[in-house]
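Asks: Residue 1088 is where the sequence shown starts when you use the numbering used here, and the numbers rise one by one after that. Glycine included, each C-beta is placed from N, C-alpha and C at the ideal position. After the structure tokens below, expect a handful of questions from me.
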Amino acid sequence: MASVPWIPPAPGSIPAPPRPEYADRHTQGNIADVRSTHLHLDWRVDWEAKTLAGSVEHTLLVLKNGTDALVLDTSYLDIQHVDVEGRKCDAWKLAERKPALGSALTIPIGKRKEGDKLKVLIRYSTTAKCTALGWLTAEQTEGKKMPFLYSQCQAIHARSIVPVQDSPSHKLTYTSRVQSSIPILMSALAAGRIEATETHPGDAVSGELESGEKVYEFKQPIGIPSYLIAIVGGDLVFSDLGPRVGVWAEPPMAKRAEWEFKTNAHRYLTAAEETISPYSWSRFDSVVLPPSFPYGGMENANLTTLTPSLICGDRSQCDVLLHELSHSWSGNLTSCATWSDFWLNEGINVWIERLLLSIVHGPEAGPAHRGLSYIMGSKALADAFDQFKNNTRFRRLVPVYHAGEDPDDAFSSIPYEAGSNLILHLEDLVGGLDLFLPFIRSWFKTFYDRSVTTQEFKQHLSDYYASNEEISKKIKAIDWDAWLHNESGKLPVKMEYDDTLAVQAFALAERWEKVKGNDTEGFGKKDIEGWTSDQKVVFLERLHLGPHISAEVASALDKHYGFSSETNGEILLAFFLVALEDKKTQYAEKCAAWVPTVGRMKYARPLYRSLFLIKPELARETFVANRTFYHPIAAALIEKDLGLSSMSTVKPSRHVVTIIGSTGTGKSQLAVEVAQALQARDGRFGAYDGAEAVSADSMQMYRGLDVITNKATREEMQGVKHHLMDFLEPGEQYTVGEFVREAGALIESCHDERKVPIVVGGTTYYVQHLLFPGRLVSLQRKDEQRWSDDEEAPPALSATAAAALQQHLSVLTEEQQQAWAALAASRPGKLPEHVGDAALWGLLDTLDPAMARRWHWRDTRKVGRSLRVLLETGRRHSEWIEEQQRQDSSSRRAEAVKDAGGAAAKHLVLWVWCEPETLQRRLAARVGKMVERGLLAEIQELRTKGADVDYTRGIYQAIGYKEFASFLAHCDGGSTDDAEGKRLFAHALERMQIGTRQYAKYQTKWIRNTLAPEVAEADEVDFFLLDATDLSRWKENVGGPALDLVSKFLNDAPLPDARSLSAAAASQLPQAPRSLADPLGRNAMEVCTVCTKDAATPVLVRLDDMQAHIQTRSHRLASRSTQRAAPDPEVVARKREERRRVREGLLTAQAEEQ
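What follows is the structure, encoded as structure tokens:
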């Protein structure tokens, strides 16, 4: 007897599981306690202020007994007034802002019970920081007549235009009344226009008001997640594309938009209804936005927003319209409950889109078009996997978000492409479309107007096929973990696609991959005749996936096929990605000219990233110059791509470990040991998953030259990733500002991957600016650069500055006036020859006593520089410093290490220290080993490149290059073993040892006298010294204590007193934080009256050093001498009296004896 064929259950016959309590970490709202079911928006569009102002009224349903408050999401909103059930509420509170999530608004509503309904009204306005709205001037539009407004609320930006429970887990209906001087559209049906036959859905409901504005009213009767609330305003014309379908566009683009979409729009809608279910939204209207719109399209209900890049004159981009139409079911009717479930929106949607694409192309051509779309998607998926190679949890189909993370950070093609491949795999698994399409119809019927999780999808799939034993077994065997949580960058199943339309593209790509140089004979325009734009894109994408294409080959491609002149953005994007693989490309500038005209992130982000790899400054300059063109969402993500998102180092409550020390102390070794301990993930170091090193060594940034810069070898790095090494050419300059920006971006990237950044290096000037950008600690260097020895004469003073200078000079004696005249007559950077050191210091003491107390009178360079500041600006040097101190004081607690949300970093600084004499011996031995390792060969190789050598720039500053120059020049003549050669070698070796010792001494002095005092004042930095003098006790004195400190630091546990760790720490570290009130106090100079013999040549001592000075032998001798030369009269009188009494006592005793 034949078996009865299995009949799929009818849509809706398999019930939905009970609605779970959703946990959405991207909302601060109390969504489990109370739910907003309806909003009424009453807005006025202020086109001058670029704000929406008015009110929102929430209709609420209480979900739990005892609920006594409503908590809503807000972001950069100005909350002005709250009513609860018609009564004013003054007890509302706006919490401190959390990065990405915004500020929670808490409104007391009185104790409520489950099922209660109530209304809450909030008056507010948006602000200039609103992240959902894009405002364009009339000049930035196509028509140039009116300004333009559009919104983009996905993923969590609705909270920046309305206080709302901004979570996709809850749906709500809304009505709106909008007053505006410019026509308005919203993601809803215009009031009175809810019938499908109406073709003009955006008319105003009022005549012109006295203000010249009109009122527009809208109604959205179907529940939507908050991210689908949308508003558009501008000079727009409506074109009818068929029953229930139309498109809005600016007048100059209206006819082109109508032509682009008219053939396909209505047939797409018909095909979708026939394939899935009747359309629920009455009308499917779209609006073509200005070029700054960040997406290809956004599926806002009743008002899909589209990028103008789709209007390319060949209807090749209409599949984007099909994609947005498919969202009318997947995403809009049945929505993801959290942003980790986003693939349910996009993966199912892409599957539907490609199925419909196959259907509209017919049974013969359709499968090939469907297959080509999947092939193109596989390239996008590969790029997305590569994008997150350093943050693999965002490779998951169900990504893992940490607290406070923005879902925009994980935005990529993965939910689209990996998700659609999973659905395609399920289609094949159950036996084809005839058995799988009924499940899709059931999915949308069962979960109509509801938000869902991945778990609910899996459960419904299992329930639907439970009556088919064979299919049920297959479903139970699915490796869900491999599909949903895979971080490998590969799909768990090898997918097969129809490649009929791709074969030609692949074959041509293989031919081009074999091209060498300019040998392109046999290629021509005929190669791609009759190809669709998609085939051209597949050809270019296959080239991009293969070996890198040289600049010559890219030029030849363009010459034969004219890709750079295409109007199709997809082809332009694919071509530029190929052409920008070679730094010698001629297309960098052309790309930089095109990318500021496209706000669509699919184009802009990969192009900026590719441009950044070959010409970083051009990429950054192009973006910075055009930042206002982009929507805030796109601008924020491109900033992150280019490392411009922050000059800061970290995000809230995140940690940075910094290891410093003089050369030869073992700081690189310690950095590797700490990183390895973190990578072990044994639970000691909090939630971090590893560590990476960020080099702060200005010499090790130069490519090659490993010996002279004493880089750690690959073996010594022990697999720990090191950044900011080997990327500069020998003569290339690199500024501290560049270091702060790039190190900050790397640190932020580490934190995104839950890794601890370990900044390690001996260029403490770099470290100091990373810790305290803009602090006084760097002022000295800034001044030295501004008033340098080789600077040309400064421009003439302004009248105001000249008058101020004359007032300062009016107090000078005749002798001081002569000294001043000599200073003014000397060239910049030089001091007058005939003015003594003491006289020069005295001149400064009269004109700027604060700076005179700062400098030793014999430190003529600093004394002279302070005088020149006054000479060249008319203002005292101390006034410049005090002004910066005032500017810095308001943000002293970490102004420059704040992220976009405003929270400070936490820093642990470990100073690896060694007793000076021991270090000198260690360094002397190291220099010899460097010679053995090939130091001379390395220097000689650099010399043979023939570059102009400037010992003050680039790698040529490295100790050893200048020192061995004479010896190697002697060797150039062929003599290496003669007496002169030996003498020069010995001299060079000695000079290198001396230079290394002096540099180590300088580093230690900078850390002790400049960095340590600054750290002592900083609440955001913990500073410890580790004594590395005895290498045989490294583990006990350095490695062990370091790991203990890092563990406590990362777990936010109390840290010990830094001076208690060792005797060295007690002697080298400051005793207590210094006062911030006197920025010059720590370097103030004081006259020692005991040691000063002549007032003309005072003995000056740093105030901090006075106690130590008093203990010196010279001071004690001077003190005794002073006491002998000028005895205290009271002491003399007392001693005379004592002697008199003694004599009288003796005389009395003698008399008695007689």
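Which partner residues of Met1788 appear in the DSSP bridge assignment?
Replies: Bridge partners of Met1788: none, in fact.
Asks: Among all the DSSP beta bridges, which residues are the ones paired with Asp1133?
Replies: Thr1138
Asks: Kindly indicate which three-state DSSP category Asp1428 falls into: helix, strand or coil?
Replies: helix
Asks: Where Val1794 and Gln2080 are concerned, what is the direct C-alpha to C-alpha distance, given to the nearest angstrom?
Replies: 15 Å
Asks: Have a look at Ile1248 and Leu1139 and give me their C-alpha separation to the nearest angstrom.
Replies: Each residue's CA atom was taken as its position, placing Ile1248 and Leu1139 some 7 Å apart.
Asks: Buried or exposed: which applies to Lys1612, given that a residue is buried once 16 or more other Cβ atoms fall within 10 Å of its Cβ?
Replies: exposed
Asks: In terms of residues, what are the limits of the alpha helix (DSSP H) holding Glu1523?
Replies: The sequence given here places Phe at residue 1523; Glu does not occur at that position. Leu1520 to Thr1533 is the span of the alpha helix (DSSP H), which, as asked, contains Phe1523.
Asks: Within the same chain, show all residues whose beta-carbon is closer than 6 Å to that of Asp1170, passing over the 5 residues directly before and after it, in chain order.
Replies: Same-chain partners within the cutoff: Leu1208.
Asks: If the criterion is Cβ atoms closer than 8 Å, does the pair Leu1066 and Trp1599 meet it?
Replies: Nothing about residue 1066 can be reported from this structure: the residues present for the chain run from 1088 to 2241 only.
Asks: How many Å lie between Val1640 and Lys1601 at the Cα?
Replies: Roughly 10 Å between the two C-alpha positions.
Asks: Rounded to the nearest angstrom, what separates Phe2110 and Ala1712 at their Cα positions?
Replies: When the Cα atoms are used, Phe2110 and Ala1712 turn out to be separated by approximately 40 Å.
Asks: What are the uninterrupted segments assigned as beta strand (DSSP E) that are 3 or more residues long and contained completely in the segment 1448-1504, given in chain order?
Replies: none
Asks: Does Asn1152 pass the burial test, meaning 16 or more other C-beta atoms within 10 Å, or should it be called exposed?
Replies: exposed
Asks: Which value, in whole angstroms, describes the spacing of the CA atoms of Phe1626 and Ala1596?
Replies: Each residue's alpha carbon lies about 6 Å from the other.
Asks: Could you tell me the distance, in whole angstroms, from the CA atom of Asp1954 to the CA atom of Ala1471?
Replies: At residue 1954 the sequence reads Leu, which differs from the Asp that was named. When rounded, the distance between both Cα atoms is 58 Å.
Asks: State the Cα-Cα distance for the pair Pro1098 and Ala1553, rounded to the nearest angstrom.
Replies: One C-alpha to the other measures close to 15 Å.
Asks: Let me know if Arg1350 comes out buried or exposed under the rule of 16 or more other beta-carbons within 10 Å of its beta-carbon.
Replies: A small correction: the amino acid at residue 1350 is Thr; Arg does not occupy that position in the sequence shown. With fewer than 16 other Cβ atoms within 10 Å, it is exposed.
Asks: Please return the same chain residues whose Cβ sits closer than 8 Å to the Cβ of Met2193, not counting the five positions on each side in sequence.
Replies: Counting only Cβ-Cβ distances below 8 Å, and skipping sequence neighbours, we find Glu2173 and Cys2175.
Asks: Can the beta-carbon of Ala1067 be found less than 8 Å from the beta-carbon of Gln1787?
Replies: Residue numbering for the chain in the displayed model covers 1088 to 2241; residue 1067 lies beyond these limits and cannot be assessed.
Asks: Would you mind reading off the limits of the alpha helix (DSSP H) that contains Glu1779?
Replies: Where Glu1779 is concerned, there is no enclosing alpha helix (DSSP H), although the beta strand (DSSP E) it sits in stretches over Ala1778 to Ser1782.
Asks: Are the segment 1111-1120 and the segment 1145-1161 touching by the rule of at least three beta carbon pairs closer than 8 Å?
Replies: Yes, the segment 1111-1120 touches the segment 1145-1161.
Asks: Check each candidate in Lys1200, Glu1172, Pro1096 and Thr1161 and name the one with the smallest Cα separation from Pro1186.
Replies: Thr1161
Asks: Is there contact here, the segment 1799-1817 with the segment 1741-1751, by at least three beta-carbon pairs under 8 Å?
Replies: no
Asks: Quick one, are the C-beta atoms of Leu1524 and Arg1370 less than 8 Å apart?
Replies: no
Asks: The alpha helix (DSSP H) spanning Met1340 covers which residue range?
Replies: Pro1338 to Thr1362
Asks: Measure the alpha-carbon distance for Gly1609 versus Glu1345 and round it to whole angstroms.
Replies: 41 Å
Asks: Using the C-alpha atoms, what's the distance from Tyr1109 back to Arg1841?
Replies: 25 Å
Asks: Exposed or buried, what is Thr1654 when buried is set at 16 or more other beta-carbons lying within 10 Å of its beta-carbon?
Replies: exposed
Asks: Could you tell me if Lys1301 is buried or exposed, where buried requires 16 or more neighbouring beta carbons within 10 angstroms of its beta carbon?
Replies: buried
Asks: What is the DSSP secondary structure of Cys1240, reduced to helix, strand or coil?
Replies: coil
Asks: Determine the DSSP secondary structure at Arg1873, reduced to helix, strand or coil.
Replies: A caution first: Arg1873 carries a pLDDT of 34, below 50, which makes its placement in the model unreliable, though a value can still be read off. Shown here, Arg1873 sits in a helix according to DSSP, grouped into three states.
Asks: Pick out whichever of Gly1806, Arg1771 and Pro1817 has its Cα sitting closest to the Cα of Ser1785.
Replies: The shortest Cα separation from Ser1785 among Gly1806, Arg1771 and Pro1817 belongs to Pro1817.
Asks: Going by beta carbon distance, what residues of the same chain come within less than 7 Å of Thr2083, once the five residues before and after it are set aside?
Replies: Thr1750, Leu2010, Val2014 and Ile2046
Asks: Give the single residue among Leu1188, Ser1379, Phe1772 and Arg1483 whose Cα lies nearest to the Cα of Lys1577.
Replies: Arg1483
Asks: Can you grab the Cα-Cα spacing for the pair Val1590 / Leu1459, in whole Å?
Replies: 10 Å
Asks: Have a look at Ile1166 and Pro1250 and give me their C-alpha separation to the nearest angstrom.
Replies: Whole-angstrom Cα-Cα distance: 9 Å.
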